[in-house]
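Here the sequence shown is numbered in this note's numbering, starting from 4 and rising by one per residue.
A virtual CB, placed ideally from N, CA and C, is assigned to each residue, including glycine.
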Amino acid sequence: MNLPKRVRLVEVGPRDGLQNEAKPVPVDVKVELIDRLTAAGHTTVEAGSFVSPKWVPQMASTDEVMTRIKRKPGVSYPVLVPNKLGMNGAIESKCEEVAVFTAASEAFCKANTNCTIDESFERFAPVIEAAQRHNIRVRGYVSVVAGCPYSGDVDPKIVADVSERLFRMGCYEVSLGDSIGVGTPAKCVAMIDAVAQRMPREKIAAHFHDTYGQSLANILAVMERGITVFDTAVGGLGGCPYAKGASGNVGTEDVLYLLNGLGIEHGVDLDAIAATGRFICEALGRQPASKVAQALKAKLAA
Ligand code: HMG
Ligand code: MG
């Protein structure tokens, strides 16, 4: 296998993991979650989003969360922003990194952000402009890169077009989201190869949801094709409110176990992440979706 020596993980549990929770998660819990993820060794912890509270009520407390977390030097705490209003919130909260998000299908873009793909880029223009003025890093997301819940198959060429636009606009990295977890290794490799023809491969991140249980296979496959940044969520939490039926992100515990087995460096402590997964799953009153989290929990109880 042709695998990298080291990868970088982007922990999206506090944002992607919690955004779909129906019951409000107390700010205390969110803050403890983020602080524990930092202490476990993550260098990027996506902390929330400045989106419309009518669309995603769970993220309404992001401003309070950002003021209360212990920001560790060298660790990034990005927040999602869909437009200038969200960017204003991020600036007020002294965020050093934001993420803009669009999609590879018109139907998903409309359902998620009430606009066309072109209109989403129009909204990003003032975000990028403000980011440059305030020295804020911008990451880009493309959703439904392997299939759309509304319009079905997605052409890798569209994923490549949208990714290139994000990159050229100033995103330092573009994360490719299989929002509904339908991708399989060959499909994901083909899609990523198409994107890599249009922007540097090392600036591409992979964001897999585990709906069909393909995430780890997909990660291994695209890692062999030179991808070294992976979005994961502690406990395998998550889902997008506008991708009905989509389950959680690939579990951070699962990815760490895979990487440890392959001897690939990542800088994150699996036991600390597993304990954090138990903490947040208890707070939410559910079992972790991550298989490794379940196995480690059973081992502890034995
Ligand atoms: P809209 O209704 O078209 O926007 O929503 P609008 O400009 O007409 O504004 C409507 C109301 O929202 C107004 O308030 C605005 O002030 C307010 P009102 O006058 O009705 O009281 N508003 C805002 N409030 C707070 N923060 C803002 C903001 N903007 C407007 N930033 C909008 C457009 C984009 C705002 C809306 O559709 C939205 O918030 N969507 C967010 C959806 C979302 O967060 N989805 C999940 C994240 S993406 C994801 O999970 C995928 C990813 O994980 C990758 C993958 O897996 O694929 C990243
Ligand atoms: Mg997602």
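With respect to the alpha helix (DSSP H) encompassing serine 123, which residues constitute its N-terminal and C-terminal limits?
Taking the sequence shown and counting its residues from 1, one reaches residue 123 at position 120. For serine 123, the uninterrupted alpha helix (DSSP H) run begins and ends at 120-137, by DSSP.
Closest by CA to arginine 168, which one among Glu67, Ser123, Ala149 and Gly186?
In the sequence shown, counting from the first residue as 1, residue 168 sits at position 165. Comparing Cα-Cα distances from arginine 168 to each of Glu67, Ser123, Ala149 and Gly186, the minimum goes to Ser123.
Run the proximity test for serine 52: is its beta-carbon closer than 7 Å to any non-hydrogen atom belonging to the ligand MG?
Here residue 52 is taken as the residue at index 49 of the sequence shown, counted from 1. Serine 52 has its CB no nearer than 7 Å to any heavy atom of the ligand MG.
Would you mind sorting serine 293 into buried or exposed? The rule is 16 or more other CB atoms within 10 Å of its CB.
Position 290 of the sequence shown, counted from the first residue, corresponds to residue 293. In summary, serine 293 is buried, with 16 or more beta-carbon neighbours lying within 10 Å of its beta-carbon over all protein chains present.
Can you tell me where the beta strand (DSSP E) holding isoleucine 207 begins and where it ends?
Along the sequence shown, read from residue 1 onward, the residue named residue 207 stands at position 204. Counting along the chain, the unbroken beta strand (DSSP E) around isoleucine 207 starts and ends at 207-211.
For the alpha helix (DSSP H) holding tyrosine 260, just list the boundary residues, first then last.
Along the sequence shown, read from residue 1 onward, the residue named residue 260 stands at position 257. Where tyrosine 260 is concerned, the enclosing alpha helix (DSSP H) stretches over 255-265.
Report the rounded CA-to-CA distance for isoleucine 30 versus alanine 197, giving the unit in angstroms.
Looking up residue 30 in the sequence shown gives position 27. Looking up residue 197 in the sequence shown gives position 194. Note on identity: in this sequence residue 30 is valine, with isoleucine being the wrong assignment. Distance between valine 30 and alanine 197, taken at the CA atoms: about 41 Å.
Candidates Thr47, Thr41 and Ser64: which alpha carbon is nearest valine 54's?
Position 51 of the sequence shown, counted from the start, is the residue given in the question as residue 54. Of the listed residues, the one whose Cα sits closest to valine 54 is Ser64.
Check each candidate in Cys118, Arg201, His137 and Ala208 and name the one with the smallest Cα separation from aspartate 181.
To locate residue 181, count along the sequence shown from 1; it is residue 178. Closest by C-alpha distance to aspartate 181, out of Cys118, Arg201, His137 and Ala208, is Ala208.
Given that a residue counts as buried once 16 or more other Cβ atoms are within 10 Å of its Cβ, and exposed if not, what is glutamine 200?
Residue numbering aside, residue 200 sits at position 197 when the sequence shown is read from its first letter. Glutamine 200 is exposed by the Cβ-count criterion.
Using a Cβ distance threshold of 8 Å, determine whether the segment 253-273 contacts the segment 11-30, with at least three qualifying pairs required.
Contact between the segment 253-273 and the segment 11-30 is present: three or more C-beta pairs spanning the two stretches fall below 8 Å.
Assuming contact is defined by CB atoms lying nearer than 8 Å, are tyrosine 215 and valine 177 in contact in what I supplied?
As a working mapping, residue 215 is identified with position 212 in the sequence shown. As a working mapping, residue 177 is identified with position 174 in the sequence shown. Cβ distance not < 8 Å, so tyrosine 215 and valine 177 don't count as in contact.
Hey, out of Thr116, Met62 and Thr47, whose CA is closest to leucine 24's CA?
Within the sequence shown, the letter at position 21 stands for residue 24. It is worth fixing the name first, because residue 24 is glutamate in this sequence and not leucine. The shortest CA-to-CA distance from glutamate 24 to any of Thr116, Met62 and Thr47 is the one to Met62.
Look at glycine 241 and asparagine 252 and say whether their C-beta atoms are less than 8 Å apart.
As a working mapping, residue 241 is identified with position 238 in the sequence shown. As a working mapping, residue 252 is identified with position 249 in the sequence shown. Between glycine 241 and asparagine 252, the C-beta gap is smaller than 8 Å, which places the two residues in contact.
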